[in-house]
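> Below: one structure in structure tokens.
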Amino acid sequence: MSDTALTGTTAPDPRGPGAAGSPPLLEVRGVTKAFGHGRRRLTALDGVDVRLMRGETLGLVGESGCGKSTLARVVLGLERPDSGTVRFDGTDPFALEGKELLAWRRRVQMVFQDPFASLNARMSAADLISEPWRTHRDIVPTAKDRERRVRELLSLVGLRESDAHRYPGEFSGGQRQRIGIARALALDPDLIVCDEPVSALDLSVQAQVLNVLSELRERLGVSYVFISHDLSVVRHVSDRVTVMYLGKVIEHGRTEDVFDRPLHPYTAALMSAAPTLDVSGQALGEEIPLRGEIPSPYAIPSGCRFRTRCWKSEARCAETAPPAVTREGAADTGADTGDRQHAALCHFPLLAGERGA
Amino acid sequence: MKPSTLPAPAADRPVALDVEGLSVDLRTPSGTVRAVDGVGFSVRKGRTLALLGESGCGKSMTALSIAGLLDPVAEVTGGSVRVCGTDVLRLDGAGRRKLAGPVLSIVFQDALTALNPVQPVGRQLAEPFRIHRGMSRRDSAEKAVELMTRVGIPEPRLRARSYPHQFSGGMRQRLLIAMAVALDPDVLIADEPTTALDVTVQAQIMRLLRELQTERDMALVLITHDLAVVAQRADDVVVMYAGNVVETGPVDEVFSRPRHPYTKGLLDSVPEHAVRGRPLPAVPGSPPELSAVPSGCVFQARCPLVRERCAQERPRPVSVSASRSAACHFSEELDHV
Chain C
30 MSDTALTGTT APDPRGPGAA GSPPLLEVRG VTKAFGHGRR RLTALDGVDV
80 RLMRGETLGL VGESGCGKST LARVVLGLER PDSGTVRFDG TDPFALEGKE
130 LLAWRRRVQM VFQDPFASLN ARMSAADLIS EPWRTHRDIV PTAKDRERRV
180 RELLSLVGLR ESDAHRYPGE FSGGQRQRIG IARALALDPD LIVCDEPVSA
230 LDLSVQAQVL NVLSELRERL GVSYVFISHD LSVVRHVSDR VTVMYLGKVI
280 EHGRTEDVFD RPLHPYTAAL MSAAPTLDVS GQALGEEIPL RGEIPSPYAI
330 PSGCRFRTRC WKSEARCAET APPAVTREGA ADTGADTGDR QHAALCHFPL
380 LAGERGA
Chain F
4 MKPSTLPAPA ADRPVALDVE GLSVDLRTPS GTVRAVDGVG FSVRKGRTLA
54 LLGESGCGKS MTALSIAGLL DPVAEVTGGS VRVCGTDVLR LDGAGRRKLA
104 GPVLSIVFQD ALTALNPVQP VGRQLAEPFR IHRGMSRRDS AEKAVELMTR
154 VGIPEPRLRA RSYPHQFSGG MRQRLLIAMA VALDPDVLIA DEPTTALDVT
204 VQAQIMRLLR ELQTERDMAL VLITHDLAVV AQRADDVVVM YAGNVVETGP
254 VDEVFSRPRH PYTKGLLDSV PEHAVRGRPL PAVPGSPPEL SAVPSGCVFQ
304 ARCPLVRERC AQERPRPVSV SASRSAACHF SEELDHV
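One line per chain: the protein sequences are C and F, in this order. Under our numbering, the residues of the first sequence are numbered 30 to 386, in order. Under our numbering, the residues of the second sequence are numbered 4 to 340, in order.
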């Protein structure tokens, strides 16, 4: 079966060429997570590897049901993987207990998709932002400090100090999302998982929130795992991109490499399907039509899981799981932490300059 | 049919939908607010017009008033809507129903709520043929299967007996489209037809809509908040803000040289052309509440060009070239911002 065929050839070696210097902030290796039993067993994650360096943003893309959100839950420590390892700054969060676990939780926070559903309407902005300190008591111990810190956080995300005593209902969507961000920042985390942070916002407001997020990265050195279906947003914010399909990472690499020179046919199709602002009409002609829809996660195709929709698929794709192929990324574009690995799982990877490139 | 008066491209095609000065009021607990304020546009057969705007800008309300499906708290207070020459706002319920399907049809955003959950989809698809064409149960069922084949539902004969929840989101949207085009309407309104779908499926649905449009020579009104969808799929665009039309024209011209600061702000804030790591040029603030739309220009609070005149006088849409109009006092200054 597809699950076992990959051992040995899996995943790009994280200590490959160029991977040097400080250890990664987050390292997920071979993580598998399934729900249910027997015929109703759903494999949400199937041997997933992800690496994130300090201060970096990792974009996570894929269609609904590909396992993005389950992966986010594993990273947040909300879902224990069936197998595989998670290392956060060298420690395994799933081995922690009590005080140590609490201390670790502080370091990974989350910004949710819908700021209308994720904020308690009966708590003021100040209550919402300071609530995490009730659990993590030692962070801002005195009431006076708390008040000062709330004001700081509000101005950090571009709200006014006077907004502290207003309620969610009095804010617009963009302002609410800023409160959500301030709340995530309250515990001074190292990593923030953003699950579709702007997709519920008005178009003209999305850019404001994206700017707040990138400004915070500059000022506080926080890292992001950024989940979004909007590829132009992912491209703008991410240093590295991981593409998932039916519970597996099928391609990952630096943003420019993945977007401009995709290796996997699925990545190329995904990029081409996303409409662009180009009004010249050329982009439309390059669209790669994909057959059908994503298969049910209860019945993952044998061999390569993308073969049922792939225009390059041959007999081999149904029989054996695809090997990891790598391509040396393009020359350095300046600020880079060194990892230039660009890898995909495919029998027939796209050549540079092939359709979609 | 209305004679063509506009010097637009493809001007020889008949106008299928002509909306003029449409206004819609909404009764809310705190008073009446204007949701749509003097909106006008027209679409010719075989052309695609996009109604572009953010949530609350009145684009869906415009579509619902054209289709005669407004919620009872909303009321059309002015204007006209001509579908193939008939002013549908003057029609009674029976007259409307005659047009719904063979002349004017709508594809909704949320397929799960638009389909009847307790009826097999085949029966739902057969309904228009039985009601409008008086077909027998057997003939109409055959027609339903034909339609399902046309929109790309695999194993249509078998699937006709399935219920809506047994289909994926993309397939449900195909079913809704099938139902909407069943009687070959002249005008098809698609209200955010792909918003809830993944990009690959979204592309399939848009392709299907385009094919059907060409095949049946329909005028398509595409309601969306997605600039990229407009760029790729529409011929003309109507940009709405706070219930008002702020700019209209052919998509390629509007997007390459916007004539309203709102359109320009939206286009600039899309990350596509931005340099990674640099702040995006964002539009400050957020859209006004309908109850607090300012009396002058609707965009004044967020506009980089704003000055005194904008607060006093609402700009009327003025023609800025042969086929374009913009509602801005200072649109000629936009090139220098």
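Glycine included, each C-beta is placed from N, C-alpha and C at the ideal position. These figures come from a predicted structure and were not determined experimentally.
(1) Going along chain F in order, which residues have a C-beta closer than 7 Å to the C-beta of GLU316(C)?
(2) Taking beta-carbon pairs under 9 Å, can you tell me which members of the region 182-213 of chain C lie near chain F?
(3) Out of curiosity, what's the CA-to-CA distance linking ARG310(F) and GLU250(F)?
(4) Which term fits GLY363(C), buried or exposed, when burial requires 16 or more other beta carbons within 10 angstroms of its beta carbon?
(5) If we cut at 8 Å on Cβ distances, does ARG279(F) have a partner in chain C?
(6) Which word fits ASP95(F), buried or exposed, when buried means at least 16 other C-beta atoms lie within 10 angstroms of its C-beta?
(7) May I ask which residues mark the beginning and end of the alpha helix (DSSP H) holding SER159(C)?
(8) Quick one, which residues of the region 276-306 of chain C are near chain F if we go by CB-CB under 7 Å, in chain order?
(9) Does the beta-carbon of VAL301(F) have 16 or more other beta-carbons within 10 angstroms, so that it is buried, or is it exposed?
(10) Are any of the Cβ atoms in chain C nearer than 8 Å to that of GLY252(F)?
(11) For the candidate residues VAL248(F), GLY288(F), ALA314(F), whose alpha-carbon lies nearest to that of GLY24(F)?
(12) How about ARG246(C) and GLY84(C): are their beta carbons less than 8 Å apart?
(13) Under three-state DSSP, which class holds PRO226(C)?
(14) Could you name the residues of the same chain whose beta carbon sits closer than 6 Å to that of PRO318(F), not counting the 5 residues immediately before and after it, in chain order?
(15) Put LEU260(C) into one of helix, strand or coil per three-state DSSP.
(16) Would you list the residues sitting across from ASN247(F) in a DSSP beta bridge?
(17) Taking the straight line between their C-alpha atoms, what separation do you get for ALA312(C) and GLU214(F)?
(18) Could you give the distance in angstroms between the alpha-carbon of ASP365(C) and the alpha-carbon of ARG269(C)?
(19) Report yes or no: do three or more beta-carbon pairs, one from the region 163-178 of chain F and one from the region 124-132 of chain F, lie closer than 8 Å?
(20) Give a yes or no on contact between the region 372-380 of chain C and the region 341-353 of chain C, applying the rule of three or more CB pairs nearer than 8 Å.
(21) Judging by CA-CA distance, which residue of VAL36(F), THR51(F), VAL86(F) is the nearest neighbour of ASP255(F)?
(22) Just how far apart, CA to CA, sit THR22(C) and LEU230(F)?
(23) Are three or more beta carbon pairs between the region 173-189 of chain F and the region 283-297 of chain C nearer than 8 Å?
(24) Near GLU195(F), what residues of its chain come up, given a Cβ to Cβ distance below 7 Å and the 5 sequence neighbours on each side ignored?
(25) Nearest to SER324(F) by alpha carbon, out of ARG262(F), LEU283(F), ARG279(F), GLY268(F)?
(26) Under 7 Å: does the beta carbon of GLU78(F) sit that close to some heavy atom of the ligand GDP?
(27) If we count the other Cβ atoms within 10 Å of its Cβ and call it buried at 16 or more, is LEU55(F) buried or exposed?
(28) Which whole-angstrom value describes the C-beta separation of THR61(C) and ASP78(C), a residue pair presumed to lie in contact below a C-beta threshold of 8 Å?
(29) Scan the region 77-158 of chain F and note each continuous alpha helix (DSSP H) run of 4 residues or more that stays entirely inside, going in chain order.
(30) Nearest-angstrom Cα distance between ASP217(C) and VAL90(C)?
(31) Please report the distance separating the alpha-carbon of PRO144(C) from that of ARG140(F).
(32) With a threshold of 16 other CB atoms inside 10 Å of the CB of GLY276(C), please say whether the residue is buried or exposed.
(33) Check each candidate in SER261(C), SER252(C), ARG290(C), ARG116(C) and name the one with the smallest Cα separation from ALA277(F).
(34) Can you tell me whether ASP174(C) is helix, strand or coil according to DSSP?
(35) Could you check which residue in VAL57(C), PRO122(C), ARG116(C), LEU242(C) has the C-alpha nearest to that of LEU185(C)?
(36) If you measure from the beta carbon of ALA231(F) to each beta carbon in chain C, is any gap under 8 Å?
Based on what the coordinates show:
(1) ALA206
(2) SER201, GLY202, GLY203, GLN204
(3) 19 Å
(4) Note that GLY363(C) has pLDDT 46, beneath the 50 cutoff, so the model's placement of it is unreliable and no number is given.
(5) yes
(6) exposed
(7) 154-159
(8) ALA298, LEU299, ALA302, ALA303, PRO304, THR305, LEU306
(9) buried
(10) no
(11) VAL248(F)
(12) yes
(13) coil
(14) CYS300, ALA330, CYS331, HIS332
(15) helix
(16) TYR244(F)
(17) Here the model assigns ALA312(C) a pLDDT of 48, short of 50, so the residue's position is not dependable, and the following value carries that caveat. Going from the Cα of ALA312(C) to the Cα of GLU214(F) covers about 18 Å.
(18) Summary for ASP365(C): the model assigns pLDDT 47, below 50, so the residue's position carries little reliability; its value from the coordinates is reported in the next sentence. Each residue's alpha carbon lies about 10 Å from the other.
(19) yes
(20) yes
(21) THR51(F)
(22) Since the displayed chain C opens at 30 and closes at 386, residue 22(C) lies outside it and no answer follows.
(23) no
(24) GLN112, ILE226, THR227
(25) ARG262(F)
(26) As for the ligand GDP, it is missing from this structure, which has no ligand bound.
(27) buried
(28) Not a contact, Cβ separation roughly 11 Å.
(29) 96-102, 114-117, 124-136, 140-153
(30) 26 Å
(31) 49 Å
(32) buried
(33) SER261(C)
(34) helix
(35) LEU242(C)
(36) yes
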